[in-house]
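According to our numbering, the sequence shown holds residues 328 to 492 in order. C-beta: ideal position from N, C-alpha, C; glycine also. Bear in mind the structure is a predicted one, so any value in this text is a computation, not a measurement.
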Amino acid sequence: MAAAPHPSRPAPIGPEADAAGRDRYFSRLARERPDIALCRATSLVGRALDEELAGRRLTTAQHLVLKMLSEVGPCSQQELSEQLRIDRSVMVGCIDALEGSGLVRRERHPRDRRAYAVTLTPEAGPALEEAERGVPQLLDRAFGALTAAERRTLTRLMGKILNVD
Numbered sequence: 328m329a330a331a332p333h334p335s336r337p338a339p340i341g342p343e344a345d346a347a348g349r350d351r352y353f354s355r356l357a358r359e360r361p362d363i364a365l366c367r368a369t370s371l372v373g374r375a376l377d378e379e380l381a382g383r384r385l386t387t388a389q390h391l392v393l394k395m396l397s398e399v400g401p402c403s404q405q406e407l408s409e410q411l412r413i414d415r416s417v418m419v420g421c422i423d424a425l426e427g428s429g430l431v432r433r434e435r436h437p438r439d440r441r442a443y444a445v446t447l448t449p450e451a452g453p454a455l456e457e458a459e460r461g462v463p464q465l466l467d468r469a470f471g472a473l474t475a476a477e478r479r480t481l482t483r484l485m486g487k488i489l490n491v492d
């Protein structure tokens, strides 16, 4: 005679369980645990971003760096890392790749001669424009299940979580 499952643990899903049962498990888990749902949603959006930018030979981080430099001007790698919330070690690789592609260059920082600032090259403008043209399709692919009002609500809620209201 098999022992009854512990009341605080879900019953194990055995070989007799069908795929629909497993699918229902994740649906329930995502409804109960916003952290799990947000992680999975982030993966889906990240995949959509990567697919959209792959044809433009940019990563998401590179796109964000180009966009920030275009809007605020030359910045140090540290500033870019802090503002874009990209780990410093990832940022180094990102800037190296952008520099290798001829889209940015490192120059002496105008306010601190000991530091370097990342600066856009003339080739960055067209690359950024092309990436930005894909944003509407990306948003539709990543958030197509949401209405316009739901997208605004999601944006507001994410801003609240990130403390950027």
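Going by beta carbons, L407 and V392 fall inside the 8 Å limit.
Exclusion of the five residues before and after Y443 leaves S403, Q404, R433, E434, R435, H436 as the residues of its chain whose Cβ lies within less than 8 Å of its Cβ.
If you look at E450, you'll find it isn't in any alpha helix (DSSP H); DSSP assigns it neither H nor E. For A451, same chain residues with a beta-carbon under 6 Å away, outside a window of 5 residues either side, are L393, L430 in chain order. When DSSP states are grouped into helix, strand and coil, V431 belongs to the strand group. For H436, there is no enclosing alpha helix (DSSP H), since its DSSP letter is neither H nor E.
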